[in-house]
Amino acid sequence: MTWKSDSEIREYVRGGLDRKGTDRIERRALADRGTQARLDALRHQAIALRQAFTFPPFDMSRIQVGVRARSPYRAMGIPPAAALWLQIAGMAALLFLLHRTGAYVAPPDVMLERSEGRVLLDSRPLSVSRSKRLVMNQEVQTSPGAQATLQLDFANRVVIAPDSTLVVLEPREGVRQVVALAKGEIWARFAAAGQKFAVTFGRGQYEISGTTAEFDLVTGDRALAMLPLNLAGGADAAPLAVLRVFRGSVNARQGYSQGQAVNRDQWMVFYGKASPVVGEQGNENFKLLRLDQTERFKDDLHWLTTEIYPLRAENSTLELERRLHKLAQALLEYRERYVVRIGRDEIYAFEREFEAELSKNVPEAQKRIDENKTLPDDQLPPKGPLRISDHDLVASAPLMREIVARWVSRADSFATLGSAAKTLLGRAQILETEVNLREQELTKAIALKNDLDKLIKRIGEDNAEIEKLKADPYFDLDGSKRKALDLLLEDQRKIEKAAGEARSKLELVRFKLNGFESKIDDGKRARVPLAAAVTDKQKTVDEISARQKANPYTAEKLAQAKELVEGLIIALEKKVIPALETAEAQLKLAKARLTEAKKKAEGAKAEFDQLEKQDQDLRVAAADRKSEAEQADAELKKAEKTVEEIQKKIDALPEKDRAKSPLQEDLKKAKVVEEKARGAKNKADESLNLAELSLTNAEKALGEAWQKQKDCNAEVVTTEGKVAEWEAKVSEGKQELASQKASVADAEAAQKAQEDAKAELEVLAVQWGEAADVLSKAQFALEDQDIALKKLEDDATPLRDELAGLLAAVDAGDKAKDEIKRLDTEKQKSVALDQEIAKRGAARDLIQASVDEMKTRPLIVNYGKLQADFEKVHAEHAGIEYLRARALDEDNREHQEQLAALDRYNEAAVKAQVQAVALLDGFCAPYRGFNLAASEADALVAKSKLMEALWNLYYSGEPVILPDGRVQQCYYVVAEAGSNADALRDLDQRWAVALATVLDRERYEAAGKLSAADLAPPQRK
Amino acid sequence: MIEPAKIVNSIIKARLGSINLLLRSYGTDLADYATAVVPRRGDEFEQLLEDIVVDIITQLRAADTSSDESFRRYLFESAVRTLRARHRRLLEAPAVEPKDNESYTLDEVLAELQITEGDLAQMVSEGTLRAFRENNTTRFRPQDVKVHSKRARMGLECISAREREVLALYFRFGFDSGLIAHWFGTPQASVEELIESAAGALLSRGIIKESFA
């Protein structure tokens, strides 16, 4: 046994294999170590993978917040505080009602079989001692809360309800038992056969008659509250009475009319003017609700019973039942109408909406397809099944319509639109698989087709390449080009062969020539020093010759030099030196005269400066004197003026005027002053004249001194000129002497140069002779060497010519070799070209064969069909997915609406519960001597819980699913469905459980012993 | 374990704490499933997990509550559909080769170890995580990061998200390959092949071993 893969072992490790597979693997593992090892390895691998995918804990709090916010389910709960306040308010209302409830005590009536409460007989209370038998026309009146039972002829019973009045009338003809209901309600059972009865009411205008019947008749205001539940619409007027027949039949008539039969389980409603209405009694069990087992009207609810559920019809009261029924009916109707979904309606609505959508969208899509303007991707939904293309929409529209029509035809079988849509899931998955398979197949076909196209294209390329190769110049269809190449090759090979022969001779000639060449080279090498020696010696001779030519010596030049030297020396000694000595003596004399003249000039200058200073002083003194003279003159003029003025004054006065004498005195004084001034002025003038005379003498002496100074200076200048003149002459004489000495020296040097040149020339002559001998010997040796070399060259020339010929042949051979190679290449190219063409042709033929084979394959042959099938299936899948998504969307919307309705329903249910609890609280009176709890507060809470339990058992929107799977409905549903005994028994048990939950064991057992008689009267108003 | 019917009933009636009841019973498994697809528990992971739970709750009326196993099947089928319907992009996430030789940047270490900068500074000061400078940036040694990384999440990323999902469903949550194939809408053979190849990839990289050694 071999394993295809590890999958089976993995399944075994996971425990997912069936018994057979498990046994097989275990047997294999026992027998085969390899399998056992693989089993262990995979087991370890599974453990490791499980650990690897077990991650650290994650804090879900943020997720919880997000999920709660997005949860479609919303609670409509009353907050605990509000609930507590509601309970408190309910209890307060209960206490208020209890406070207002009165108590009545009814005495018994003697004509009655049974009387409870306050019963009046002819408006008088019953007395204990009175007989129970009534007489005719006696009126029995029951107070509210009281009731009485009449027995007629020991067999017929009439129970008078509270607050009712019944009159026993006298028998009429054929009618033994006649009673009149003046007010209120009675229940009557007439069982005695052959005895007719009649009951009149409505002031005697109406009568019910019969023989054996059981019925209930209610009149007055109470009739309105006891109208049949199934009374359609109701009349405009208030009802006068309501008759319900439980057994037998009665005849009801108005006045003297014929009357109308009202049979068993029928009711009749009497109106004042309108005709009575007859109808069938519905589900309401009127008798059970209205009368208890002892055939008395039930007004009080014995609710704390552990045996049965207190609101069962046989225990409940009509009024309570009707009010609870109304609440429950309203809730249930709302729930059935708004909360409970009806698949048929949803499917019908969806069919209409979807058909309208298709009618609009499909033609538009078809139009876009026709115009080749299908919706672009960005206008389609980004993803999901609602993303359907125009082609798919048009193609799948009939299918979608067919499916929707099928849903419509089976609409009743679907709970919701979503359940109908979910039926498409399987088909959608099958189609998805099929689409995938077809897509894979189509992909293969497309790939194959692409391969085929590539091969066809390749064939075309090969053909083009072959044609291109044939256009090549090397292409040789008939072989003529290669034949010409062969001829050329043959010629070149001959040349190559000759070159080979030349190459063999070449070495021998080269060997011989090398001998000569070696000797020539030796000769040439030997000639080099010889030629160098000739050149060197020639150079020496040339240099000596050049020096000889450059020698300045001549005999004439030497004699002239000697004569010049002698002439210059004579001139120097006799002319130049004496002239210089004379000039130097004159210069010395002139300098002595100059010194004396300068000394005289300095004396004259000193004398002049002294006289000049004296002149300045005299000038100042003369100026002073002049100033003093001018001042004295001014003083004199002033004094003269004073005298003249006084004189004028005196002259002006008369002669005897006494004033003249002072003026005379003044005149005398003035004249004295005038005389003093005049003497001062004369003195000053003399001083001035003396000063001016001294100044004139001084200026004269200064002029003389200035002239003397000027003469001395002129003499100095003249003497200085002579000194300069003699100094120039001395300088000229010195220059003349130096020049003359230089000329003598030059002449002596020229003389000496001639003498040196003469000596050198004599030496050069000796050297030239020696050098010329050496040069001649070297030239002879070089000439001998050249002759020997020429002879060797002459011998080598033929060999060189032969070598050149051989080398030319070798070169030709080399070129021929290249040419052969080129020609061979051309030939090979031509051959290769032919081979390539043949190869490509063969390859093309192979590809063509493959193409032919591929064209026969089913994927290619059926490509169109595959494409069409794929598009069809794809469109079908897209259509189904689209329809499914649309329906699920719609279903989701319905679901959301349902949720919203459910919220509203829950809200209403809570309100109804509050109303029902308050209502029940009013009907559930306390029991004498029994408390629900130890304290009053606990008792209130316990009662509240029990009231809630009563209501919850009476009506519940959702059935209760028991652990054993059974479904328990509420009482309302059970009663409406016909009061199934098992269901009622379940309700009894649930009530007992509710009681046990609220009451402790002792109280529970005590409650089981309570009866209606234990209710504390009065119960309510 | 709370009965599934009770959980469903309480959620539908919107009782207080009903969602907590669901998450307390099945939240860990759903979180591990989401972690298998998105190993780095960031915003994408949380969005995926929230969407999964929301879809589960929205379609809760369709749940089979007859047994705990049937209810788990419903949960994971819903999760698989949510992943494909809403987060297909996550499913297409390719395999990421682990960083063996390259060093980690500061941000990469914070994301990998899921720690705060304060924790990181403390680890560096304690020497449990060695940092060094490279190109003027702080880098961390890959060996140290791997030591402190949460379990083998780093290693699991060497296979694709699709492979991680199928391994988690098969090995971690124990669903058989036929059921997974039904959820995926693929043939069972392809699911088994995917399991083989993914397990083989983890084995070849040394993330898991076939022995306890």
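Chains as they are written, first to last, in this note's numbering: chain P, 7 to 1027; chain L, 9 to 221. We put the CB at the ideal spot given by N, CA and C, even for glycine. Bear in mind the structure is a predicted one, so any value in this text is a computation, not a measurement.
- For the pair Thr124(L) and Leu118(L), the Cα-to-Cα distance works out to about 7 Å.
- Just measuring C-alpha positions, the residue of Arg259(P), Gln287(P), Asn469(P) sitting nearest Ala849(P) is Asn469(P).
- The stretch 82-91 of chain L and the stretch 59-71 of chain L touch, with three or more beta-carbon pairs separated by less than 8 Å.
- At least one CB atom of chain P sits nearer than 9 Å to the CB of Lys217(L).
- CA-to-CA, the gap between Gln151(L) and Glu110(L) works out to about 10 Å.
- Contact annotation for Ala207(L) against chain P: Gln51, Leu55 [CB-CB distance below 7 Å, chain order].
- Tyr41(L) has its alpha-carbon roughly 13 Å from the corresponding atom of Leu31(L).
- Taking 9 Å as the cut-off, the beta carbon of Ala194(P) is found closer than this to the beta carbon of Leu223(P).
- In the DSSP assignment, Ile192(P) forms a beta bridge with Ile166(P), Leu223(P).
- Fully contained in the stretch 470-499 of chain P is no alpha helix (DSSP H) run of length 4 or more.
- Using a Cβ-Cβ cut-off of 9 Å, Ile19(L) counts as an interface residue toward chain P, since at least one Cβ of chain P sits closer than that to its own.
- The beta carbon of Leu294(P) lies closer than 6 Å to those of Ala319, Glu320 in the same chain, with the five residues before and after it left out.
- Taking 9 Å as the cut-off, the beta carbon of Asp159(P) is found no closer than this to the beta carbon of Gly190(P).
- Taking the Cα positions, Ala945(P) is about 32 Å away from Lys14(L).
- With respect to the C-alpha of Ala1000(P), the residue from Ser950(P), Ser985(P), Gly963(P), Ser1017(P) having the closest C-alpha is Ser950(P).
- Taking 3 residues as the minimum length, the stretch 291-359 of chain P contains no beta strand (DSSP E) run wholly inside it.
- Note on geometry: alpha-carbon atoms of Ala759(P) and Ser737(P) lie some 33 Å from one another.
- Bounds of the beta strand (DSSP E) holding Met274(P) are 272-277.
- Ranked by Cα distance from Leu624(P), the first of Trp413(P), Arg347(P), Leu55(P), Leu699(P) is Leu699(P).
- Contacts with chain P (Cβ-Cβ distance below 7 Å) from the stretch 59-74 of chain L involve Val61, Val62, Ile65, Thr66, listed in chain order.
- Here Leu158(P) carries a strand assignment [DSSP, helix/strand/coil].
- Residues of the stretch 88-116 of chain L with a Cβ closer than 7 Å to any Cβ of chain P: none.
- When Cβ pairs closer than 8 Å are counted between the two stretches, the stretch 165-183 of chain P is seen to touch the stretch 147-155 of chain P, the count reaching three or more.
- Rounded to the nearest angstrom, the gap between the Cα atoms of Asp858(P) and Ile462(P) is 10 Å.
- Taken atom to atom, the span from the alpha-carbon of Ile583(P) to that of Glu754(P) is near 20 Å.
- At a cut-off of 9 Å, the C-beta of Arg68(P) has a neighbouring C-beta in chain L.
- For Leu494(P), the CB contacts under 7 Å within the same chain, skipping 5 residues up- and downstream, are Leu829 in chain order.
- Sorting Phe196(P), Thr148(P), Val205(P) by C-alpha distance to the C-alpha of Leu175(P) places Val205(P) at the top.
- Assigned with DSSP and collapsed to three states, Phe929(P) falls in helix.
- The alpha-carbon of Arg44(P) is positioned some 14 Å away from that of Gly208(L).
- Residue-level contact check: Thr36(L) touches chain P, since one or more beta carbons of chain P fall below 9 Å from its beta carbon.
- According to the DSSP assignment, Gln260(P) belongs to the beta strand (DSSP E) that extends over 256-260.
- In this structure, the alpha-carbon of Phe303(P) lies about 22 Å from that of Arg130(P).
- Under the criterion of beta carbons closer than 8 Å, Ser255(P) and Asn269(P) qualify as touching, at roughly 4 Å.
- Comparing C-alpha distances from Leu399(P) to each of Lys878(P), Trp957(P), Tyr933(P) shows the shortest one belongs to Lys878(P).
- Classified as buried, Tyr18(P) has 16 or more neighbouring CB atoms from the shown chains inside 10 Å of its CB.
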